[in-house]
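These notes concern the structure reproduced below.
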Amino acid sequence: MIIFNIIIRRSDIKTLIKKSIVRSLTLDDISAQFIRYISKHIKKQASIYCDPFHPNPEATAVPHTDKNPFSAEIGIDLTNPESQKSDTSKSRRKFMSYLLGTASGLAVAACGGGGNDAEAAMRHGRPNGTGTTSTTTGSAASSSTTSSSTSSSTTTSTSSTPYFYGLNGHMAYDAGIYHTMSAAAQLAMIKDLGATMYRCDVAGSGMAQTLATALKGAFANSGVAIMPVLNPFSAGWSASMSESAAYTLGYNLGTSCTTPLKGLVQYVECGNELDTAVLTGGDGSNTDNYSPSGWPAFRGVIRGMIDGVKAIDSTIKVGVNVGVPLAYRALQMLWSGITPDGSANGVTGAASVRWDITCYHWYESSGDITCGWRSNACYNVLQALKDSFGMPIFLTEWGWAGATDTQTGQSAYVTRALTEYRQIKDTYNIQSVMMYAMIDDQYGLVKTDGVTKMPAYTTFKNFVAANPV
Numbered sequence: 248m249i250i251f252n253i254i255i256r257r258s259d260i261k262t263l264i265k266k267s268i269v270r271s272l273t274l275d276d277i278s279a280q281f282i283r284y285i286s287k288h289i290k291k292q293a294s295i296y297c298d299p300f301h302p303n304p305e306a307t308a309v310p311h312t313d314k315n316p317f318s319a320e321i322g323i324d325l326t327n328p329e330s331q332k333s334d335t336s337k338s339r340r341k342f343m344s345y346l347l348g349t350a351s352g353l354a355v356a357a358c359g360g361g362g363n364d365a366e367a368a369m370r371h372g373r374p375n376g377t378g379t380t381s382t383t384t385g386s387a388a389s390s391s392t393t394s395s396s397t398s399s400s401t402t403t404s405t406s407s408t409p410y411f412y413g414l415n416g417h418m419a420y421d422a423g424i425y426h427t428m429s430a431a432a433q434l435a436m437i438k439d440l441g442a443t444m445y446r447c448d449v450a451g452s453g454m455a456q457t458l459a460t461a462l463k464g465a466f467a468n469s470g471v472a473i474m475p476v477l478n479p480f481s482a483g484w485s486a487s488m489s490e491s492a493a494y495t496l497g498y499n500l501g502t503s504c505t506t507p508l509k510g511l512v513q514y515v516e517c518g519n520e521l522d523t524a525v526l527t528g529g530d531g532s533n534t535d536n537y538s539p540s541g542w543p544a545f546r547g548v549i550r551g552m553i554d555g556v557k558a559i560d561s562t563i564k565v566g567v568n569v570g571v572p573l574a575y576r577a578l579q580m581l582w583s584g585i586t587p588d589g590s591a592n593g594v595t596g597a598a599s600v601r602w603d604i605t606c607y608h609w610y611e612s613s614g615d616i617t618c619g620w621r622s623n624a625c626y627n628v629l630q631a632l633k634d635s636f637g638m639p640i641f642l643t644e645w646g647w648a649g650a651t652d653t654q655t656g657q658s659a660y661v662t663r664a665l666t667e668y669r670q671i672k673d674t675y676n677i678q679s680v681m682m683y684a685m686i687d688d689q690y691g692l693v694k695t696d697g698v699t700k701m702p703a704y705t706t707f708k709n710f711v712a713a714n715p716v
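Heads up, the numbering used here is the position in the sequence shown plus 247, with the first residue counted as 1.
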């Protein structure tokens, strides 16, 4: 078994992983695709390099050791790579994935690592740990729901949702195009596209202050809101922590990031795809797909972030997301106080987590969100989210299949996705859909030179102009 560090574009690996989970590829298929990717793209590499949600894109990745639970047995010699620096604004984080020994799919990669900015986060007194929680077993207690692809009819958008069209960016990065492009220039691009919500990652008070400065400056009275997403990976969180330690980290992250943003933001997303660190097998739709040992840290850091945000500004609406396409079950377990123990149902009685908005990520490679494939059957993920939580839904990441899409295919997907989401937004109470990303070489409407616009840029712009909400 080889524990390896390599440079991988997040867009390519994310596409492969999500396709593997949704389509239930065999181990051989997954291995073959992964090895083809490695042999084609990896020449001289030494450390993981992937783009989102890291305060310092130049920080050194944490090396893998034999203590890491995620590794890949791929039959390829990666033991003596050389280092290479990417030409894009990417951040290094741990690549934690392994190929399962069954046809159930691929455990999703998670990127983590340290960030210097987090060290400067302000410390606040830790509360009693109860948080925004209760000990209840709600309607989400069972892993089986009544959701199906036929449970809701499609309707045309009628209600007003001022932040419906959104974009993802990395305004608080300290290197790369998002650092060199001014807040005013980013705002001009957002407004040209017609978007009104800008989702940006933060991992400490310094990054949050960057957003606060923009909100008090260029973004003030612009009609464009910023939604910060807290990134505990970059603040030192890992699934090996105790629940109390994870709670404290999350609470401090929530308070330090919210303090400069108090009164400036309406929404904060607590964590980014943290479920990927505790998925041990399967497609994420069952309780026993999650790590009993890692779950307390997962639950603890989310509880801490929510409590930390609310302690500074109780008016902010908080959201929680997952990154595995069918990981709605992880959200149901948090909501219902269920802890995985290796059994089909887990154990009840833990503190349950409450949020104000349900956040979800869905990419083209996962198919149609109203017909996600679960156990070879069509499953309506949006209906499950609506029925389980009854909260407004934000699709905080959606996008095409990275480098595998042609420019024509990218534009076609933008039209198809926006058309569907606008048509069904009232059915499922979808209040915002945020495309990943505004600027990115693989997923972006604009290349990382900040100038070159993809054809999908015009497609997005024209659709929004023609379809107000």
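Even for Gly, the Cβ is constructed at its ideal location relative to N, Cα and C. A quick note: this is a predicted structure, and the numbers were derived from the prediction, not measured.
| Asked | Found |
| --- | --- |
| At which residue ranges does the region 493-560 contain complete alpha helix (DSSP H) runs of 4 or more residues, listed in the order of the chain? | 542-559 |
| Where does Asp448 fall in DSSP's three states? | strand |
| Can you round the beta-carbon distance between Trp647 and Gln657 to whole angstroms, since I take them to be within the 8 Å contact cut? | 5 Å |
| Going by CA-CA distance only, name the one from Gly413, Ala430, Phe411, Ile563 that's closest to Tyr420. | Ala430 |
| Leaving out five residues before and five after Val661 in sequence, what residues of the same chain have Cβ atoms less than 8 Å from its Cβ? | Trp647, Met682, Ala703, Thr706, Phe707, Phe710 |
| Tell me the DSSP secondary structure of Asn676 in three-state form. | coil |
| Assuming the contact rule is C-beta atoms closer than 8 Å, Asp522 and Ala577 should be a hit. Round their C-beta distance to whole Å, please. | 5 Å |
| Assuming Gly470 and Ala442 form a contact by the criterion Cβ under 8 Å, report the distance between their Cβ atoms to the nearest whole angstrom. | So it is not a contact: roughly 10 Å between Cβ atoms. |
| Whose C-beta lies closer than 8 Å to the C-beta of Gly551 among residues of the same chain, with five residues either side of it excluded? | Gly378, Ala493, Tyr494, Thr495, Leu496, Gly497, Tyr498, Asn499, Leu500, Gly501 |
| Which value, in whole angstroms, describes the spacing of the CA atoms of Val567 and Thr595? | 20 Å |
| Give a yes or no on contact between the region 460-477 and the region 521-535, applying the rule of three or more CB pairs nearer than 8 Å. | no |
| Taking all protein chains shown into account, do 16 or more other C-beta atoms lie within 10 angstroms of the C-beta of Ala467, making it buried, or fewer, making it exposed? | exposed |
| For Ala684, collect the residues of the same chain with a Cβ closer than 6 Å to its Cβ; drop the 5 residues on either side in sequence, then sort them by chain order. | Asn415, Tyr690, Gly691 |
| To the nearest angstrom, how far is the alpha carbon of Cys769 from that of Arg601? | In the structure as shown, the chain starts at 248 and stops at 716, and residue 769 therefore has no counterpart that could be examined. |
| Nearest-angstrom Cα distance between Asn676 and Leu440? | 23 Å |
| Label Ser599 either buried or exposed according to how many other C-beta atoms from any shown protein chain fall within 10 Å of its C-beta, with 16 as the threshold for buried. | buried |
| Going along the chain, which unbroken runs of the alpha helix (DSSP H) with 4 or more residues stay wholly within the region 619-700? | 628-636, 654-675 |
| With burial defined as no fewer than 16 other Cβ atoms inside 10 Å of the residue's Cβ, what is the status of Thr699: buried or exposed? | exposed |
| What first and last residue would you give for the beta strand (DSSP E) that runs through Ile758? | Outside the displayed range of the chain (248 to 716) lies residue 758, so it cannot be described from this structure. |
| Where do the N-terminal and C-terminal ends of the beta strand (DSSP E) with Asn474 fall, by residue? | Note that residue 474 corresponds to Met in the displayed sequence, not to Asn. Per DSSP, Met474 belongs to the beta strand (DSSP E) from 472-477. |
| For Met418, which option in Thr408, Pro409, Gly453 has the closest C-alpha, if you only look at C-alpha atoms? | Gly453 |
| Whose C-alpha, out of Gly649, Leu665, Thr457, Glu667, is nearest the C-alpha of Met701? | Gly649 |
| Under the rule that 16 or more other beta-carbon atoms within 10 Å means buried, what is Gly637, buried or exposed? | exposed |
| Comparing C-alpha positions only, which one of Asn627, Pro479, Ser622 sits nearest to Ile671? | Asn627 |
| Just to confirm, is the Cβ distance from Cys517 to Val556 under 8 Å? | yes |
| Would you kindly report the start and end of the unbroken beta strand (DSSP E) that includes Val565? | 564-567 |
| Taking the continuous alpha helix (DSSP H) assigned at Asn709, which residues delimit it? | 702-713 |
| Apply the 10 Å Cβ neighbour rule to Ser613 and answer buried if 16 or more other Cβ atoms are within range, or exposed otherwise. | buried |
| Can you name the start and end residues of the beta strand (DSSP E) that Leu414 belongs to? | 412-416 |
| Here's the rule: buried if 16 or more other CB atoms are within 10 angstroms of the residue's CB, otherwise exposed. What is Ala712? | exposed |
| Quick one: using the 10 Å Cβ neighbour count with 16 as the cut-off for buried, is Gly361 buried or exposed? | Because the pLDDT of Gly361 is 31, which lies under 50, any placement of that residue in the model is unreliable, and the number read from its coordinates should be weighed accordingly. Counting Cβ neighbours within 10 Å, Gly361 comes out buried, since at least 16 surround it. |
| Sort Ser487, Cys504, Ser407, Ala574 by Cα distance to Gly529 and report the nearest one. | Ala574 |
| Using C-beta distances below 6 Å, list every residue in its chain close to Gln456, excluding the 5 sequence neighbours before and after it, in chain order. | Pro507 |
| Could you name the residues of the same chain whose beta carbon sits closer than 7 Å to that of Tyr410, not counting the 5 residues immediately before and after it, in chain order? | Thr443, Met444, Ala472, Gln678, Ser679 |
| Looking at Asn519 and Asp588, is the spacing between their C-beta atoms short of 8 Å? | no |
| Based on DSSP bridge pairs, tell me the residues matched to Thr617. | None, per the DSSP bridge assignment. |
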